[in-house]
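The sequence shown begins at 21 in our numbering and counts up by one.
Glycine residues also receive a C-beta, built at the ideal position from the N, C-alpha and C atoms.
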Amino acid sequence: MKEKTRLSLKIKLGLAITLVGIIPIIISATVSIGLARKTILDTKNESLQSIAEAKKSIIESLLYSNYVNTKLIAGKSTFESPDSSKDEIKEELVKINTIYPEYDDLSVVNLDGHVIASINYDYEGKWLEKDWFLEAKEGKTTISGVQTILDPFHTVIIFATPIIDENDKTRAILITQLPIDRVWASIEENVDRNSRFTILADENKRIIYHPSSEELFNTLPQGVNQYSQNKGGFFQTVQNGESLLVGYETFDDEFFSEMNWKIFVFEKESVVLKAISSLELSIIAASIGALIIAAVFGFRLGFQFLKPIKELKTAARNIGKGKLSFRANVKTHDEFSELAKIFNEMAEKIENLSKNLEKKVKQKTKELEEKNRVLKKSNAVMVGRELKMIKLKEEIDSLKQESKGKRE
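Below you can see the structure in the form of structure tokens.
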């Protein structure tokens, strides 16, 4: 039972010392994981916004390039001259299309909204009902929103610019149609769409680009739409039960500010958290290693703490058994060694007292033995005298009897 108590004290000391080391490690690991999670999420959010900014710049550059090209094309003398025939204008359009194959149609439309010449004549809208066409009549180069061509079905962006004659007056409008696919191609993802994807929305909050064609021309989801009034930033939303991180930007270039398009870059939080999970595992592994070291150190320190106590306990037991020469051998150079020194001094005093007492006992015993011997000798003399007196008395009594008999 006593051994169990000693072992229990050792375990308690080891656990106490270990806990002193473990608690800071646990706190440090928890704080580190929390900070790492926050830092990675914040960095990822800012990264997504930067990606949105970069993609926006690519699209703006593409649109601006076509904006400039449309203005250059409108400066062709064939278009500016009132003497050019429809065939000459169409021939020029075909020639231009070989130079700029990205356009799926080029048209010259008069100010009444009638097509003078066109490559494909595939636009079926009413020109005079379009704000961008009316602005072009006023002398401004404009960009339409996304327009739908029904036959064959496809979507385009239209650039409209005035054709100015030699009198510096608008005589017609040049129309160039850029397939929206060209815009999509500029923002195609180089990563797995299951983890990151991009949405492009027009001024009406309609989706004009989405990896899934089924989502095209749908309204932005509510969780995304609520941020459409802001210029840019990042937020977190949930779609189909999946938590998503989103970075977004608004087209604010001076040439396209009226378009008010927005680009959103999404990434699954679970994918981002995989990196955090890997970091967390590293922190946990390091913490476990630290815990093991702390435990080993704690129990070793506990053992070192109990070792001098055990030595003192052994010394006390031996002295209790009469081995007064036994000494505690503690060389820890601390309070335990001082205690052992005091204990040994006490044991030495007890040993000296015991030796002195033993010496005195032997001396007293010797004196008593001598006195006893003398007493025995004296007693023997006294007994001898007593016996002689008894014998003498008997002889006297015998003589008295003999003397009395003779007188009779």
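Give the straight-line distance between the Cα atoms of Glu23 and Lys351, rounded to the nearest whole angstrom. Residue placement at Glu23 is flagged as unreliable, the pLDDT there being 46, under the threshold of 50; a coordinate-derived value is accordingly withheld.
Which same chain residues, not among the five before or five after Gly340, have their C-beta less than 8 Å away from its C-beta? Excluding positions up to five away in sequence, the list is empty.
Could you name each continuous alpha helix (DSSP H) segment of 4 residues or more that falls completely within the region 106–189, going from the start of the chain to the end? Counting only runs of 4 or more, we get 106–119, 151–157.
Helix, strand or coil for Ile60 per DSSP? For Ile60, the three-state secondary structure derived from DSSP is helix.
So is Ala221 buried or exposed if we call it buried at 16+ other beta carbons inside 10 Å? Ala221 is buried by the Cβ-count criterion.
Just to confirm the assignment: which complete beta strand (DSSP E) runs, minimum length 3, are found wholly within the region 217–263? Runs found: 227–229, 252–259.
Under 8 Å by Cβ, that's how I've got Ile109 and Ala137 pegged, so tell me the actual separation to the nearest angstrom. Yes, Ile109 and Ala137 are in contact; Cβ-Cβ is about 4 Å, under 8 Å.
In its own chain, which residues sit with a C-beta less than 7 Å from the C-beta of Lys369, not counting the 5 before and 5 after it? No residues qualify anywhere along the chain.
Find the nearest neighbour of Lys330 within the set Gly342, Lys343, Asn349, Val316, judged by alpha-carbon distance. Minimum Cα distance to Lys330 is reached at Asn349.
Proximity below 8 Å, CB of Lys289 to CB of Ser263: In the sequence under discussion, the amino acid at residue 289 is Glu, which differs from the Lys named in the question. Taking 8 Å as the cut-off, the Cβ atoms of Glu289 and Ser263 count as close.
Mind checking which residues open and close the beta strand (DSSP E) that includes Phe284? From DSSP, the beta strand (DSSP E) with Phe284 extends over 282–288.
Can you tell me whether Gly267 is buried or exposed, with buried defined as 16 or more other CB within 10 angstroms of its CB? Gly267 is buried by the Cβ-count criterion.
Rounding to the nearest angstrom, what Cα-Cα distance links Leu27 and Arg347 in this structure? Unreliable placement is indicated for Leu27, whose pLDDT of 49 sits below 50; the coordinate value is still reported in the next sentence. Near 24 Å, if we compare the C-alpha coordinates of Arg347 and Leu27.
Contact defined as beta carbons within less than 8 Å: I believe Val135 pairs with Ser127. What is the distance between those atoms, to the nearest angstrom? So it is a contact: roughly 6 Å between Cβ atoms.
Under DSSP, the alpha helix (DSSP H) around Ser104 begins and ends at which residues? For Ser104, no alpha helix (DSSP H) run applies, since DSSP gives it neither H nor E.
For Thr228, tell me which candidate among His174, Asp185, Tyr247 has the shortest Cα-Cα distance. It should be noted that the sequence gives Ile, not Thr, for residue 228. Closest by alpha carbon: His174.
Helix, strand or coil at Val211 [DSSP, three-state]: Caution applies to Val211, whose pLDDT of 46 falls short of 50 and renders its modelled position unreliable; the model cannot decide the point.
Unbroken alpha helix (DSSP H) run spanning Val203, endpoints: For Val203, the uninterrupted alpha helix (DSSP H) run begins and ends at 200–206, by DSSP.
Would you say the beta carbon of Gly404 comes nearer than 7 Å to a heavy atom of the ligand HEM? The model on display carries no ligand, and the ligand HEM is accordingly not part of it.
I need the DSSP call for Ala404, collapsed to helix, strand or coil. Note that residue 404 is Gly in the sequence shown here, rather than Ala. Gly404 falls in the helix class under three-state DSSP.
Quick one: grab the DSSP three-state call for Arg393. Secondary structure at Arg393: helix, using DSSP grouped into helix, strand and coil.
Touch test, the region 84–94 against the region 115–125, Cβ-Cβ under 8 Å, three pairs minimum: Yes, the region 84–94 is in contact with the region 115–125.
Spell out the partners DSSP gives Tyr87 in its beta bridges. Beta-bridge pairing links Tyr87 to no other residue.
Buried or exposed by the 16-neighbour rule on C-beta atoms within 10 Å, applied to Ile193: Classification of Ile193: buried, given that the 10 Å Cβ count is 16 or more.
Any idea what DSSP makes of Val266, helix, strand or coil? Val266: strand per DSSP, three-state reduction.
Thr218 and Val285 closer than 8 Å at C-beta: Contact: yes.
Rank Gly95, Asp201, Thr196 by C-alpha distance to the C-alpha of Asp185 and give the top, closest one. Of the candidates Gly95, Asp201, Thr196, the one whose C-alpha sits nearest the C-alpha of Asp185 is Gly95.
Could you check how far apart the C-beta atoms of Thr90 and Thr161 are, in whole angstroms? I think they sit under 8 Å. With 8 Å as the limit, Thr90 and Thr161 qualify as a contact, their Cβ atoms being about 7 Å apart.
So Glu235 and Leu265 are in contact, right, with Cβ under 8 Å, and what is the actual spacing, rounded? With a Cβ gap of about 19 Å, Glu235 and Leu265 do not count as contacting.
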